[in-house]
Amino acid sequence: MIGTSVSTYGQNDEDSLIKSYRAAPNPKKKFTRLMTLGEYYKVNNITKADSIRKVILNASLNLEDSIQFNALFYSAEIAQKTGNQEDYFNTILSCKTFLNKLNSNSEHFKIYRHLGYYHSSMQEIETANFYLNLSIKLARETMDHERISEAYIFLSKNFMISNQKDSAMYYSNMAIKSARRVKDKSVLSQAFNTQAETYSFFGQIELSVAKNLISLQMAEEAHNIYLLAKYTREIGQSQKLISNLDDAEYYFRRSLNYARKIHDKRQMALALTHLASVQLDRNDFSSAIKNATLSIKYLTSLNDLNSLGETHNILGMVYKEQKVYNLASSNFNKALVYFESTNNKEKIAGVYHNVGTVFKEQGKYTNALNYLNRSMQYRAQNQIYQTYRTIADVYKDVHNTKKSLEYMELYLNYLDSNTILQSATKIAELSESYRSEQRERLIHLQSDSIQRHQQEQNLSATKLENSQLRNNFQRYILFAFLIIVVLAGIILFYRWNQTKIKQQRREAEMSQTLLRTQMNPHFIFNAMSVIQSYIYDNDTDKSSRFLVNFSRLMRLILENSPKDHILINTEIEILQKYLEMQKLRFEDRFEFDIIAEEILFDENTIIPPMITQPFIENAIEHGQLHTIEGGFIKVKFSKENNMLIISIIDNGIGRKESKEKEKSSAHKSMAMDITRKRIKNLNKKHKTNGSLLVNDYNEELETGTKILISLPYAIAHSKPS
Numbered sequence: 051m052i053g054t055s056v057s058t059y060g061q062n063d064e065d066s067l068i069k070s071y072r073a074a075p076n077p078k079k080k081f082t083r084l085m086t087l088g089e090y091y092k093v094n095n096i097t098k099a100d101s102i103r104k105v106i107l108n109a110s111l112n113l114e115d116s117i118q119f120n121a122l123f124y125s126a127e128i129a130q131k132t133g134n135q136e137d138y139f140n141t142i143l144s145c146k147t148f149l150n151k152l153n154s155n156s157e158h159f160k161i162y163r164h165l166g167y168y169h170s171s172m173q174e175i176e177t178a179n180f181y182l183n184l185s186i187k188l189a190r191e192t193m194d195h196e197r198i199s200e201a202y203i204f205l206s207k208n209f210m211i212s213n214q215k216d217s218a219m220y221y222s223n224m225a226i227k228s229a230r231r232v233k234d235k236s237v238l239s240q241a242f243n244t245q246a247e248t249y250s251f252f253g254q255i256e257l258s259v260a261k262n263l264i265s266l267q268m269a270e271e272a273h274n275i276y277l278l279a280k281y282t283r284e285i286g287q288s289q290k291l292i293s294n295l296d297d298a299e300y301y302f303r304r305s306l307n308y309a310r311k312i313h314d315k316r317q318m319a320l321a322l323t324h325l326a327s328v329q330l331d332r333n334d335f336s337s338a339i340k341n342a343t344l345s346i347k348y349l350t351s352l353n354d355l356n357s358l359g360e361t362h363n364i365l366g367m368v369y370k371e372q373k374v375y376n377l378a379s380s381n382f383n384k385a386l387v388y389f390e391s392t393n394n395k396e397k398i399a400g401v402y403h404n405v406g407t408v409f410k411e412q413g414k415y416t417n418a419l420n421y422l423n424r425s426m427q428y429r430a431q432n433q434i435y436q437t438y439r440t441i442a443d444v445y446k447d448v449h450n451t452k453k454s455l456e457y458m459e460l461y462l463n464y465l466d467s468n469t470i471l472q473s474a475t476k477i478a479e480l481s482e483s484y485r486s487e488q489r490e491r492l493i494h495l496q497s498d499s500i501q502r503h504q505q506e507q508n509l510s511a512t513k514l515e516n517s518q519l520r521n522n523f524q525r526y527i528l529f530a531f532l533i534i535v536v537l538a539g540i541i542l543f544y545r546w547n548q549t550k551i552k553q554q555r556r557e558a559e560m561s562q563t564l565l566r567t568q569m570n571p572h573f574i575f576n577a578m579s580v581i582q583s584y585i586y587d588n589d590t591d592k593s594s595r596f597l598v599n600f601s602r603l604m605r606l607i608l609e610n611s612p613k614d615h616i617l618i619n620t621e622i623e624i625l626q627k628y629l630e631m632q633k634l635r636f637e638d639r640f641e642f643d644i645i646a647e648e649i650l651f652d653e654n655t656i657i658p659p660m661i662t663q664p665f666i667e668n669a670i671e672h673g674q675l676h677t678i679e680g681g682f683i684k685v686k687f688s689k690e691n692n693m694l695i696i697s698i699i700d701n702g703i704g705r706k707e708s709k710e711k712e713k714s715s716a717h718k719s720m721a722m723d724i725t726r727k728r729i730k731n732l733n734k735k736h737k738t739n740g741s742l743l744v745n746d747y748n749e750e751l752e753t754g755t756k757i758l759i760s761l762p763y764a765i766a767h768s769k770p771s
C-alpha cells in the first residue's frame with residue numbers, strides 16, 4: 051500500500067546497509083541488498099528513495115524475471131509517492147507483461163491492484179472493477195487480510211468517483227473489517243482514511259473529519275510518518291473548507307513538519323501550497339506568494355502535474371486579489387495546461403471559475419459568463435454553488451435582474467440543503483477534542499518519564515548496597531527455595547494418595563512451572579536493562595513503547611497463565627507482545643510472522659495458555675537469531691482433521707550448534723517435557739492423539755528448528771476459564 055509501517059532507524063543503520071550492499075559477492079546478492087536499502091529509504095527518506103530508482107532498475111538487468119519485476123514495481127511506487135503520475139502509470143502498464151512471465155500470487159495481486167487504480171483514474175470504471183475484483187480474489191485465496199483491505203480500499207474509491215455512494219461506503223466498511231485483523235495499525239488507518247475521503251466527496255464534512263481523526267490516531271500508533279503528513283494535511287483542508295483558518299494552519303504546519311522528517315518533497319510542497327491558500331484568505335499576500343513559489347520549485351523537480359496545477363491556481367488567486375491581472379491570467383493558464391494534461395476535470399472547473407471572476411472584475415462580462423458556464427459543466431455538486439453566486443453577481447452588474455435572481459435562488463437553495471456550514475461548529479469541537487487528547491497524552495508521557503527517572507535513581511541506590519545486604523538477600527532466597535522444595539514434597543505425597551486431585555494439581559503445578567519459565571529473572575533483568583539503556587540515551591519514544599509492551603505482557607501472562615484454556619487471539623497477543631519486545635531489544639535483527647486461519651477466530655478456538663512461548667524463547671535465546679542474517683520466526687495456527695496444529699519455525703543456529711556453544715539443553719528439554727506432559731493430559735481428557743515433534747529446519751545443514759505441536763481442537767461455548 052502507499053503508506054507502509056515506519057520503523058525508527060539511525061544513521062548507523064543506513065551506513066551498515068550501504069556497506070552490506072557494496073560487499074555483496076555477486077549481482078543477485080547485490081540487488082537484494084540494494085532493494086533492502088531502497089525499502090529503508092522508502093519509509094525514512096523519500097528523496098533518497100527516488101534518487102536510487104535508476105540504480106535499482108540497472109541492477110536488475112540480465113537477472114531473472116521476478117527480480118526485474120521487483121525493480122520495476124519499486125520504481126512505480128516511488129513515482130506514485132513523488133506525484134509523477136505519468137511515470138507511475140507508464141511503469142505500471144509495463145508491469146502488465148509480467149502477468150505471463152510470473153506465476154506468483156503476490157506479484158499478480160500487485161499488478162491487478164495498480165491496474166485497477168490506473169483505469170479508475172482514466173474514468174474507465176468497469177475495467178477498473180474487473181482488475182480490482184481479480185486482486186480481491188487472489189488476496190482471499192491466501193487469506194491475506196492486509197491485501198484484501200487494500201483491494202477493497204481502491205474498489206471503494208472507484209465507486210466513489212463514479213458517484214455510487216452506497217457501493218463506495220459498503221467497500222470502505224469491508225476494508226475496515228479486513229484491516230482490523232492486521233497487526234499493523236497503518237493498514238487500519240488507511241481504511242478509515244478512505245471512508246473519510248468518501249464522506250468528504252459526498253459533502254459530509256463532519257463525518258469525514260471524525261473518520262480522519264481516527265486515521266490520524268492509528269497512524270500515530272503505527273509511527274507512520276508518511277501517513278501522518280498526509281492525514282494532517284487532509285484534516286487541514288476540511289478546516290479550511292469551513293473557514294476555520296487557525297486550525298487549518300495548525301494542521302498544515304504539522305503536515306509540513308512530518309514531511310520534512312522523511313524528506314518527502316511532494317508532501318512538503320502540498321503543505322506549503324495549502325498554507326499559501328490560508329495566507330491568501332488572510333490577505334497575507336507576500337507570505338502566500340513565497341510559499342507557493344517554493345512549492346512550485348519542489349513540484350517541478352518531481353513532475354507532479356496535478357499539484358503544480360493546484361499551486362498555480364492559488365498563485366493566480368493571489369495576483370487576482372492584488373489586481374495584477376496579467377500575472378493572475380498567466381498562472382491560471384499554466385494551471386489549465388497542467389490539469390488538462392492529466393484530464394482532471396474537477397480541477398479544470400475550478401480554474402474556469404477563477405478565470406471567470408478575473409473577467410468579471412475587469413468588466414468583461416461576456417468572457418466571464420463564458421468561463422463560468424464552462425465551469426458549471428464540470429464542477430462537482432458541492433462546489434457549484436460558488437459559481438451560481440458569481441453568475442448572479444455578473445447578471446446584476448449587467449442589470450439583468452431576472453437572471454440574477456434566478457441564479458441567486460439556486461445559490462440560496464443549495465445553502466439551505468448544504469450541511470457543511472451547519473457542521474462547522476461540530477467539526478471545530480472534534481478538532482479541539484483531538485488536540486486536548488494530544489495534550490493529555492503528552493502530559494502522561496512526561497509523568498511516565500519522571501517515574502522512570504525515579505526508578506532509575508532507586509536502581510542506582512540499590513546497586514550501592516553493601517555486600518552484606520546482598521549476602522543476606524541470597525540467604526533469604528535459599529531459605530525460601532528450601533521451603534518451596536519441602537512444600538512441593540508434601541504436595542507430591544498427597545497427590546500420590548489422591549488420584550483425582552493428582553490430575554488437577556499436576557496441571558496447576560505445570561502451569562506455575564511454565565509461568566516461572568517464561569517469567570524468569572533473566573528475562574526481566576534483560577527487559578529492565580533495555581529500558582534503562584533507552585533512558586540513558588534519552589530515547590523516550592523507544593523506552594515508552596518498550597515499557598508499554600512489557601507491562602501489557604506481564605499483565606497478560608499473570609491473568610491467563612492460571613487458566614485451563616484461553617481464546618486463541620489472546621495467545622497470539624501474548625506471543626506478539628513478547629516478540630515485539632525481543633525484536634526491539636535486539637534492534638530489529640530478526641523478523642517474525644504470526645499467521646492464524648480465519649476459521650479459528652470465527653469459531654472462537656481455545657488453546658492451553660502459553661504453550662508456544664517456551665519454544666519461541668529457545669529460538670531467540672539459544673537459536674541466536676540476532677546473529678543470523680535474515681533471521682526469522684514463523685508461527686502458524688491451523689485446523690486439520692479436528693486438531694489444532696501449531697508450527698514454530700526459526701532459522702537459527704540449530705540444536706546441534708546450540709548445545710556445543712552453551713549448556714542450554716537442560717532448559718530446552720524442560721520446556722519440551724512440560725509441553726509433552728500437558729499434551730498427554732489433554733489426550734487423556736479428550737481421547738485424542740496430540741503430539742510434539744522437533745526437527746531441524748534445514749536438515750542438510752542441521753540449522754534452524756521446526757516445532758510441530760498437535761492439540762485437541764476445542765472451541766469456547768462460554769467464556770474460557
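Take the sequence shown: its letter number 516 is residue 566 in our numbering, and every next letter is one higher. All C-beta atoms in this analysis are idealised placements derived from N, C-alpha and C, irrespective of residue type, glycine included.
Taking C-beta atoms as the reference points, Y435 and Y464 count as a pair closer than 8 Å. Sorting F409, E271, D297 by C-alpha distance to the C-alpha of S239 places E271 at the top. According to the DSSP assignment, D194 belongs to no alpha helix (DSSP H), since it is labelled neither H nor E. Secondary structure at A646: strand, using DSSP grouped into helix, strand and coil.
The C-beta separation of A338 from A319 comes to about 14 Å, leaving the pair out of contact by the 8 Å criterion. Around I656, the same chain offers H615, I616, L617, I618, A764, I765, A766, P770 as residues with beta carbons nearer than 8 Å, after the five sequence neighbours per side are excluded. Contact between P612 and M693 fails: their C-beta atoms lie close to 25 Å from each other, not under 8 Å. Within the model, the alpha-carbon separation for S217 versus M210 is close to 8 Å. I698 sits in a strand when the DSSP states are folded into three classes. Contact check for V405 against Y421 passes: the beta carbons are separated by less than 8 Å.
Under the DSSP assignment, N112 falls outside any beta strand (DSSP E); it carries neither an H nor an E label.
According to DSSP, I765 shares a beta bridge with T655. Taken in chain order, the complete alpha helix (DSSP H) segments of 4 residues or longer contained in the stretch 285-332 are 295-311, 315-331.
Taking C-beta separations shorter than 6 Å and ignoring five residues to either side along the sequence, the partners of I346 in its chain run T361, following chain order. S336 counts as exposed, since fewer than 16 other C-beta atoms from the protein chains shown sit within 10 angstroms of its C-beta. Beta-bridge analysis with DSSP links K756 to I699, N745. Under the three-state reduction of DSSP output, S688 falls in the strand class.
Annotated three-state conformation of M224 is helix, per DSSP. Membership of R635 in the alpha helix (DSSP H) is indicated by the continuous run 618-635.
Taking 8 Å as the upper bound for CB-CB distance, I683 and D700 are in contact here, some 5 Å apart. Taking the Cα of I106 as reference, the smallest distance to any Cα among E114, Y124, R595 is reached at Y124.
DSSP assignment within the stretch 329-375 yields the following whole alpha helix (DSSP H) runs of 4 residues or more, N-terminal first: 335-352, 355-371.
Here the alpha carbons of R316 and F642 stand approximately 33 Å from one another. In the three-state DSSP reduction, F409 falls in the helix class (H, G or I). Sixteen is the threshold: since fewer than 16 other Cβ atoms of the shown chains lie within 10 Å of the Cβ of R525, the residue is exposed. Spanning the alpha carbons of E690 and L295 requires a straight line of approximately 59 Å.
Taking all protein chains shown into account, G286 has 16 or more neighbouring C-beta atoms within 10 Å of its C-beta and is therefore buried. The beta carbon of F159 lies closer than 7 Å to those of S185, L188, A189, R197 in the same chain, with the five residues before and after it left out. With fewer than three CB-CB distances shorter than 8 Å, the stretch 703-712 does not count as touching the stretch 651-666. Residue nearest to E750 within the set G680, I703, L113, N739 is I703 (criterion: CA-CA distance). Distances from the CA of S170 to each of F81, F204, S351, E390 were compared; the closest alpha carbon is that of F204.
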